[in-house]
Amino acid sequence: MKACGPRIATISGAAVAALTSAFEQADYFALADAYDHRDVTDNPSAFTSYCDGTRSKSVKHYYGDLSAPRALNELEARVDAIVHTDRWIGNRRDREKMWEKMWPTRRDPCPQIACVAEVPRKFFDPPEGGMNEVGYRTGYEAFWWNCVMLLAEDSRARCPTICTGSPAATAGCRNGGSEAQREARDFTKTYGHERAREVLRSLAADPEAKFKIGPYFDGHVAERELPRTE
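In the working numbering, the protein residues as written are 28 to 257.
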């Protein structure tokens, strides 16, 4: 924690619209009320609440519950990016720094392979309609999923990280590809090649995979660098 007690943020209308879209895309009302099983102990928790005018819901998420859906993790990351909650509570990078000190041989004692596109603050631009945020997220997700699909076929594959476009988009491509490769490497070191292959193949078989790589790879996995002009 960086700050104690309640904190209130005033955000723009564009940011409110971005938050609304994030909750809708996560199908928030279909989520369970709590994901608090302690598969891993001593992790932090997140609490989200949403009201659309007719319905209201809250979700408690303990980060040690491995059953929490990817949609919830992605929603929380988007909320953090839009509201800049890292001013008060830290973020994933802070946790990784802590893990590096505690376990020098790997960042996370219980690594996961999950697409969580945390948009850097410099690319969050509500006054501009959120185009930088969208560009970063689109590039990140496309290159993350492409890397996962590549590694599911060949664990020795080198994932592409280069695309053309706006600074936000190119940063997203670079970070998405490199992060997926790092996550797979850390997961393999911890759980072994067989388990890593199972997880990667399961992710690659998800219909979302081809959908996410579409903007850059046209639904086809690519190991070579494949630029896209925006």
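All C-beta atoms, glycine included, are put in the ideal place defined by N, C-alpha and C.
Going by DSSP in three states, CYS293 sits in which element: helix, strand or coil? In the structure displayed, the chain extends from 28 to 257; residue 293 sits before or after that span and is not available.
Pick helix, strand or coil for THR256, following the three-state DSSP scheme. At THR256 the pLDDT is 41, less than 50, meaning the model places this residue with poor confidence; the figure from the coordinates comes in the next sentence. Note: THR256 maps to coil in three-state DSSP.
Helix, strand or coil: how does DSSP classify VAL86 here? strand
Classify GLU210 as buried or exposed, calling it buried when 16 or more other Cβ atoms lie within 10 Å of its own Cβ. buried
Check the DSSP bridge columns for TYR62 and list the partner residues they point to. HIS88
Would you please state the rounded distance, in angstroms, between the beta carbons of GLU160 and ALA196? I believe it to be under 8 Å. GLU160 to ALA196, Cβ: 11 Å. No contact.
Just reading off the alpha helix (DSSP H) that ALA196 is part of, what are its end residues? 194-218
Neighbourhood of TYR90 by C-beta distance below 6 Å, restricted to the same chain and skipping five residues each side: ASN70, PRO71
Cutting at 6 Å between CB atoms, please list the residues of its own chain near PRO242, excluding the five before and the five after it. THR165, ALA169
Beta-carbon within less than 6 Å of ALA223's beta-carbon, same chain only, minus the 5 sequence neighbours each way: which residues are those? PHE214, THR215
Check the DSSP bridge columns for ALA73 and list the partner residues they point to. HIS88
State whether the segment 91-102 contacts the segment 55-67, with contact taken as three or more CB pairs (one from each stretch) at a distance under 8 Å. yes
Does the separation of the CB atoms of LEU11 and ALA236 fall below 8 Å? The structure shown does not extend to residue 11, since the chain spans only 28 to 257, so no value can be given for it.
So what's GLY241 in DSSP terms, helix, strand or just coil? helix
Classification of ILE240 by the beta-carbon crowding that lies within 10 angstroms, buried from 16 upward: buried
C-alpha distance - PHE238 paired with ALA232, whole-angstrom precision: 11 Å
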